[in-house]
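Below is one structure, written out as structure tokens; comments come after it.
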């Protein structure tokens, strides 16, 4: 019998007990169905994947760390097909219901993890974030979400998407627990790092918002920037952020095809709308284009490093617009995806840690969100900064 | 500047940070001002005690265990003078305000610890329970409270009252945290102990209630007894429970004078009403009377052990009546104390662990409480039973 009225789960009852007590004692968590759990077969959001893969021989180390800190794993969650979407609609396994407003999509690809957390079914949930797959659903569902520095949390035992950008991320309803999961998965903070003293409010990122959205975020931005000594509004790049999206998509698509092209060709899986087209696009990407994109990425990283000094935080909106309605036509979905990725590509291309913080609005309006980014590797200090800001 | 509008604290700001992470991570607790904290001077509820004692050289091991499990010690709390009362009124340090209804006493002697928990100022609080000093204030303030098996939690670094009955106890607002504190202070449960299969509903204990009070507790008693295979109503002794109180008071008074008589004679401290008379009574107790009381206690323990088989729980009301009003005359207070101790002496004389569980009533009526007692040493299993019953 299912109690999953939100359609968040692939297997609601799969349970792994904690291995000992720790700071996540009595906390329950759900896991995006792309993490290996000993004896469990993943779907990766596609029934052909499920049919063509054996049960996992070992549990992903990231999950083991959580079990060793006292948390109980309860349930695997729906993901967009092959994690290759930011929308949260899955033609095979259904669209998890956005707990804030069922007429809105939950966001993806870690859709079920966001919904399990947002609906209060679990204390926290684990997802993956390559192009925004934790940050977007967190913001659509009114949650705290974290994407760590690239390489900071082990991806062993996690079905890959695009290795240059893949990360393990998580969702919570409060900042303290977001930090606690970070303590378990990331360990100690960097020794001798300076306090954050400076906040850069990314003018080119905020310019993607309407005035109404901009105004809705201003008090959150002010309370954040008032916690540091100085803050300034400035462009974070002379490029158009749309160019960053193109660079990101070329590298991402190429790596996705590297990881999954052979399987796609061998099994010709039945993909839903959008996913099919994206895999087709990925197959066409040429090595020369990837080489050029990687060169541009290095230049971007150099320029961003100049801004992101060790004591500096960056503030951006998490999404450029309102959470979209369920069932939009594919071309509309793609337009939203393109706009959203102008913001998510910032952490993506630069490998930076990013926390998204929900900003509630009155009058039944869906939540918006701001994000704080920190220099690479300062994950623990960023999470602790957000706890002191929000709790 | 004080934020302690409930008058729960002696020193609200005294803080000891956790020594590492653990299952009490992010939990805060307050401590009855009879526990040694390195560098801190205890009051034991009396200003003469404070003046005549040096700061503690070490922190009580029970507190150290909590700090090592991730909890933060925040504040020392008001206690009845010399812990020698069940009422919660202290002429020197004030009467902590019962968070349920300020016209009612909070109960004592761990009054401030109960109020700090009940008012939500701390997640849990530590007290001591000799004759009911955790169980009574827990029930008056609508809280979960625990008195462990005698000898189960270290009393090192705790100002003694009466060695035969002294225990360290604690208050929480929910059963899970009551159990978690038990896991930290008591350690693992006994190996190979049977499940609880039988509940004894103590008829002679329930007969102390009015019909209205009795009816208010019945649904809680039923939900408890339905969790075990069989239950029966029976007298737990052929004695009058009033005799048990007399036996308890003789041994308690004698030991209190052994512990503190010399100090009382040397300092002639200024005691409030009730306390003064009780110390005077304690001074008069003769060795022959104590020997006789101890003989009777052993007989009681034998008879109770026949009832409390390893698989058996006992259910009693925690208090015999309503939480009393603030400022009653001393002779009225003594009458209530005498009646209440008929129930608290059961665990006291037999060294049994006891959990008190709040029973809320509608219509602005103060909470009542039932208690579950287990065989000596089965503290962890009792706490886990209560969690499965209440959470």
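Residue numbers (the UniProt record's numbering), protein chains in the order written: chain Z, 1 to 391; chain B, 1 to 391.
Built from N, CA and C at the ideal position, the CB exists for glycine as well.
Here the structure is a predicted model, which is why all the values come from computation and not from measurement.
On the three-state DSSP scale, how would you describe residue i?
| i | result |
| --- | --- |
| residue 190 of chain Z | coil |
| residue 333 of chain Z | helix |
| residue 110 of chain Z | coil |
| residue 8 of chain B | coil |
| residue 86 of chain B | coil |
| residue 308 of chain B | coil |
| residue 94 of chain B | coil |
| residue 394 of chain Z | A query on residue 394 of chain Z cannot be resolved here, the shown segment of chain Z reaching from 1 to 391 and no further. |
| residue 16 of chain B | strand |
| residue 356 of chain B | strand |
| residue 276 of chain B | helix |
| residue 206 of chain B | helix |
| residue 371 of chain B | strand |
| residue 117 of chain Z | helix |
| residue 127 of chain Z | strand |
| residue 320 of chain Z | coil |
| residue 142 of chain B | coil |
| residue 343 of chain B | helix |
| residue 300 of chain B | helix |
| residue 361 of chain B | coil |
| residue 378 of chain Z | coil |
| residue 136 of chain Z | helix |
| residue 122 of chain Z | coil |
| residue 326 of chain B | coil |
List, in order along the chain, the chain B residues whose C-beta lies closer than 7 Å to that of residue i?
| i | result |
| --- | --- |
| residue 26 of chain Z | 176 |
Check the Cβ of residue i against every Cβ in chain Z and list those closer than 9 Å, keeping chain order.
| i | result |
| --- | --- |
| residue 180 of chain B | 21, 25, 26 |
Going by Cα to Cα distance, which pick from the options is closest to residue i?
| i | options | result |
| --- | --- | --- |
| residue 69 of chain Z | Z/9, Z/170, Z/254, Z/181 | Z/181 |
| residue 288 of chain B | B/117, B/247, B/174 | B/247 |
| residue 147 of chain Z | Z/162, Z/159, Z/131 | Z/131 |
| residue 271 of chain B | B/81, B/290, B/389, B/327 | B/81 |
| residue 101 of chain B | B/354, B/345, B/323, B/374 | B/323 |
| residue 350 of chain Z | Z/126, Z/179, Z/166, Z/356 | Z/166 |
| residue 254 of chain Z | Z/226, Z/212, Z/294, Z/187 | Z/294 |
| residue 232 of chain B | B/243, B/244, B/197, B/265 | B/197 |
| residue 261 of chain Z | Z/244, Z/162, Z/300 | Z/162 |
| residue 242 of chain B | B/223, B/340, B/59 | B/340 |
| residue 330 of chain B | B/273, B/368, B/184 | B/273 |
| residue 44 of chain B | B/157, B/364, B/13 | B/157 |
| residue 79 of chain Z | Z/71, Z/72, Z/73, Z/88 | Z/88 |
| residue 223 of chain B | B/357, B/129, B/170 | B/357 |
| residue 8 of chain Z | Z/16, Z/109, Z/384, Z/199 | Z/109 |
| residue 320 of chain Z | Z/345, Z/112, Z/276 | Z/345 |
| residue 168 of chain Z | Z/354, Z/205, Z/374, Z/372 | Z/354 |
| residue 83 of chain B | B/137, B/15, B/352 | B/137 |
| residue 209 of chain Z | Z/99, Z/244, Z/336, Z/193 | Z/336 |
| residue 236 of chain Z | Z/249, Z/204, Z/363 | Z/204 |
| residue 366 of chain B | B/201, B/32, B/327, B/212 | B/212 |
Identify the contact partners of residue i in chain Z, using a Cβ-Cβ distance below 8 Å as the criterion.
| i | result |
| --- | --- |
| residue 70 of chain B | 23 |
>> Can you pull out the residues from the stretch 44-67 of chain Z whose beta carbon lies closer than 9 Å to at least one beta carbon of chain B?
In response: none
> Residue ranges of each beta strand (DSSP E) run of no fewer than 3 residues wholly in the stretch 224-263 of chain B, ordered along the chain?
Replying inline: 230-234
> Quick one, which residues of the stretch 186-206 of chain B are near chain Z if we go by CB-CB under 8 Å, in chain order?
Replying inline: none
> Taking only runs of the alpha helix (DSSP H) that begin and end inside the stretch 147-195 of chain B, which ones reach a length of at least 4 residues, in chain order?
Replying inline: 175-186
>> Please give the ranges of any alpha helix (DSSP H) in the stretch 20-81 of chain B, keeping only runs that are unbroken, at least 4 residues long and fully inside the region.
In response: 47-51, 61-68
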